[in-house]
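Participant: Numbered per mature numbering (1 follows the signal peptide of the UniProt record, and there is no 0), the sequence shown spans residues -33 to -1, 1 to 131. We treat Cβ as the ideally placed atom computed from N, Cα and C, and that holds for glycine. Before I ask anything, let me first share the structure, which is written out below as structure tokens.
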Amino acid sequence: MRHCRGNAMKPSRIAALLLLSLSVVAFPRTAFATDTAYPISDLNLRSGPSTRFPAVAVMRRGSHVHVHGCIKNYTWCDVSAGRHRGWAAASYLDIVYSGQTYRVPVYAERAEIPVVHFEITSYWDNYYDDYEFYDERDRWYAYDWEEDETIVIIDEDDEVYILE
């Protein structure tokens, strides 16, 4: 049996703690530059990246939402709003980057928002198994949401226009 007296700390423990504290400084979190967005109006949170998917909640204008990532063309983002998880139209979300406010499609790449993929089976199994529309999942599995024609136009003043 080993006995320790007082608060003496072994040199190996001190070295380990020092390395850990240095790693926090040297390797800051690898998340993207901003992970908070703000709806510019009351906005439906949907169960997939299309207006055709069922709504799961309404996000209030100006509320804080956590952005997990956006699909490759930055038209839809996977977000958490309170206890809800779903997809929001990116052109209705503002982010703050370097002290300025921008629409997500305008600054998503510069703000290092990651590109994510939507896979309905695992997404719905993880987040919607207690929603009524979950029972209709066979219908939604066959839906080709990537064929939805959403065109995002950003003019020289960074104004965003959506054509659906």
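Below 8 angstroms between beta carbons: does that hold for TYR41 and ALA57?
Facilitator: It is a contact, given that the beta carbons lie within the stated cut-off.
Participant: Could you check what DSSP says for GLU113 in three-state terms: helix, strand or coil?
Facilitator: If DSSP states are grouped into helix, strand and coil, GLU113 belongs with the helices.
Participant: Leaving out five residues on either side along the sequence, give the residues of the same chain with a beta carbon under 6 angstroms from the beta carbon of HIS84.
Facilitator: Closer than 6 angstroms at Cβ, skipping near neighbours: no residue.
Participant: Quick check on the DSSP output: the beta strand (DSSP E) that includes ILE62 runs from which residue to which?
Facilitator: Counting along the chain, the beta strand (DSSP E) containing ILE62 begins and ends at 60 to 64.
Participant: May I ask you to verify whether the stretch 44 to 51 touches the stretch 25 to 35, counting CB pairs closer than 8 angstroms and requiring at least 3?
Facilitator: A contact exists between the stretch 44 to 51 and the stretch 25 to 35.
Participant: Name the residue from ARG70, ALA109, GLU76 whose alpha carbon lies nearest to the alpha carbon of SER8.
Facilitator: Closest option to SER8, Cα to Cα, is ARG70.
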